[in-house]
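J.: This is the structure, below, for whatever I ask next.
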Amino acid sequence: MKNYWDLIMNDRINALSHLPFQVKFMSMQILAWLWSAVFGIYIVESVYAFGISAFAHALFITMTVLTALYFRQVRNERLSTSLRGKGGEHE
């Protein structure tokens, strides 16, 4: 099951893997909106369901990406808790 998930959702493995990050992010947003439309209009037969679903998908994807970027930045910077700069002075 994880392999199927990775083939679709993992940007390092799926068909979007060769694209720049910004293009991958926008492509996934567009796909989320399209799938929201399919589920909202076809299954629930309501345009309002599409709006709610589209907003939820966009928010979920955006917050997932922002969280991953923040974690990557924290891992790379090794933040100090002493509030002192690299030279020993307060910043």
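Here the sequence shown stands for residues 5 to 95, where the numbers follow the numbering used here. Glycine included, C-beta positions come from ideal geometry on N, C-alpha and C.
1. In terms of residues, what are the limits of the alpha helix (DSSP H) holding Gly-44?
2. Are Phe-43 and Val-69 touching if we call contact CB-CB under 9 Å?
3. Does the beta-carbon of Ser-57 have 16 or more other beta-carbons within 10 angstroms, so that it is buried, or is it exposed?
4. Give the C-beta separation of Ile-17 and Ala-36 to the nearest angstrom, bearing in mind that I take them to be a contact with Cβ-Cβ under 8 Å.
5. Taking Cβ positions, are Ser-40 and His-61 nearer each other than 9 Å?
T.: On the basis of the coordinates in this document:
1. Along the sequence shown, one-based indexing puts residue 44 at 40. Premise fails: Gly-44 is in no alpha helix (DSSP H) and is neither H nor E.
2. If you number the sequence shown from 1, residue 43 lands on position 39. If you number the sequence shown from 1, residue 69 lands on position 65. By the CB criterion at 9 Å, Phe-43 and Val-69 fall outside the cutoff.
3. Taking the first residue of the sequence shown as position 1, residue 57 is located at position 53. So Ser-57 counts as buried.
4. Looking up residue 17 in the sequence shown gives position 13. Looking up residue 36 in the sequence shown gives position 32. The pair is not a contact, with the Cβ atoms about 18 Å apart (cut-off 8 Å).
5. For the purposes of this step, residue 40 is identified with residue 36 of the sequence shown, where counting begins at 1. For the purposes of this step, residue 61 is identified with residue 57 of the sequence shown, where counting begins at 1. Yes, the pair counts as a contact, with Cβ atoms nearer than the cut-off.
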